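Engineer: Can you keep this structure in mind? I'll have questions shortly.
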Amino acid sequence: MTSVENLDYRVEHLRDRLAHEDIAELGVRVEARGAWVMVWGGVADARSRAAVLRIAAEELEGVPWHEDLTVQHAGPPGSAEVLS
Numbered sequence: 011m012t013s014v015e016n017l018d019y020r021v022e023h024l025r026d027r028l029a030h031e032d033i034a035e036l037g038v039r040v041e042a043r044g045a046w047v048m049v050w051g052g053v054a055d056a057r058s059r060a061a062v063l064r065i066a067a068e069e070l071e072g073v074p075w076h077e078d079l080t081v082q083h084a085g086p087p088g089s090a091e092v093l094s
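Numbering-wise (my numbering), the sequence shown opens with residue 11 and increments by one.
Written out as structure tokens, the structure reads:
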């Protein structure tokens, strides 16, 4: 079983990696919720999402965790919207 202090340390280390590694995903939130961890937020693309999941799996090995990551598309729309 993971102690609260150890879990808090691991959560902080995960946050640090997400902010400072090449992906620099600042829109991702990580929160300890009792004995498990929640990772959620928006990422730029599918590649970033995969990187966040990989890093979370490394940092949270042996800890139950859940994710709710959304790929956000910030580009212009593909075509004009037609209003009736």
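The C-beta atom is built at its ideal place from N, Cα and C for all residues, glycine as well.
These figures come from a predicted structure and were not determined experimentally.
#1: Just to confirm, is the Cβ distance from residue 59 to residue 81 under 8 Å?
#2: Residue 93: buried (16+ other C-beta within 10 angstroms of its C-beta) or exposed?
#3: Taking residue 21 and residue 40 to be in contact with their CB atoms under 8 Å, please state how far apart those CB atoms are, rounded to whole angstroms.
#4: Suppose the cutoff is 6 Å on Cβ atoms and the five residues either side in sequence are ignored; what does the same chain contact list for residue 2 look like?
#5: CB-CB under 7 Å to residue 69, same chain, minus the five flanking residues each way: which ones, in chain order?
Structural biologist: Let me spell this out:
#1: Translated into the one-based positions of the sequence shown, residue 59 becomes position 49. Translated into the one-based positions of the sequence shown, residue 81 becomes position 71. Yes, the Cβ-Cβ distance between residue 59 and residue 81 is below 8 Å.
#2: Walking along the sequence shown from the start, residue 93 turns up at place 83. By the neighbour-count rule (16 or more Cβ atoms within 10 Å), residue 93 is not buried but exposed.
#3: Numbered from 1 along the sequence shown, position 11 holds the residue referred to as residue 21. Numbered from 1 along the sequence shown, position 30 holds the residue referred to as residue 40. The Cβ separation is near 5 Å, so the contact holds.
#4: Lying before the first or after the last residue shown, residue 2 is absent from the chain, which here runs from 11 to 94.
#5: Counting from 1 along the sequence shown, the entry for residue 69 is found at position 59. So the list reads 20, 23, 24 and 27, once near-sequence residues are dropped.
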